[in-house]
Amino acid sequence: MTSLNRPARLNRTLLAVFDVLLLGSGSFALAGHFGQLTFLDSGATLIPTTADPPTWALWVTAAAAVTVGLLILRWLVAQLSRRPKTHTWHLEQNPEQGPYRTGRENCHSPLPG
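Going by the working numbering, 86 is the number at position 84 of the sequence shown; the sequence numbering is gapless.
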């Protein structure tokens, strides 16, 4: 069965990929911190030098973080504005009376009859 809702499928696929990457990197960091990885020293520093990074590196990091944050906010706004399509229901109990048609505005009330 092919789905006509390709953006939703792409959205779910990208979310799954990011979830796997984040879970994997978080698990790796926790295992390294608690000494479960034998090839890493849990007491060692991340960067062996104590010199401060150049100023441009800090600005590039901040700009990248702001860009990623704005992209995430744009994605969230797009998710909030997207609504599923509404359909008209066709209910038919007696074919000689004709079908009963209702839209989404009447779905909360009981059916007549």
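Where a beta carbon is used, it is the ideal one built from N, C-alpha and C, also for glycine.
All values reported here derive from a predicted model rather than from experimental measurement.
Does DSSP put M3 in a helix, in a strand, or in coil? Here residue 3 is taken as the residue at index 1 of the sequence shown, counted from 1. Unreliable placement is indicated for M3, whose pLDDT of 46 sits below 50; the coordinate value is still reported in the next sentence. M3: coil per DSSP, three-state reduction.
Unbroken alpha helix (DSSP H) run spanning I74, endpoints: For the purposes of this step, residue 74 is taken as residue 72 along the sequence shown, with counting starting at 1. For I74, the enclosing alpha helix (DSSP H) begins and ends at T57 to S83.
Within its chain, find whatever has a CB closer than 8 Å to the CB of D54; leave out the 5 residues flanking it on each side and keep chain order. Taking the sequence shown and counting its residues from 1, the one referred to as residue 54 is at position 52. For D54, where only same-chain residues beyond five positions count, there are no Cβ hits under 8 Å.
Can the beta-carbon of L23 be found less than 8 Å from the beta-carbon of G34? What you label residue 23 is simply residue 21 of the sequence shown in a count that begins at 1. What you label residue 34 is simply residue 32 of the sequence shown in a count that begins at 1. Contact check for L23 against G34 fails: the beta carbons are separated by 8 Å or more.
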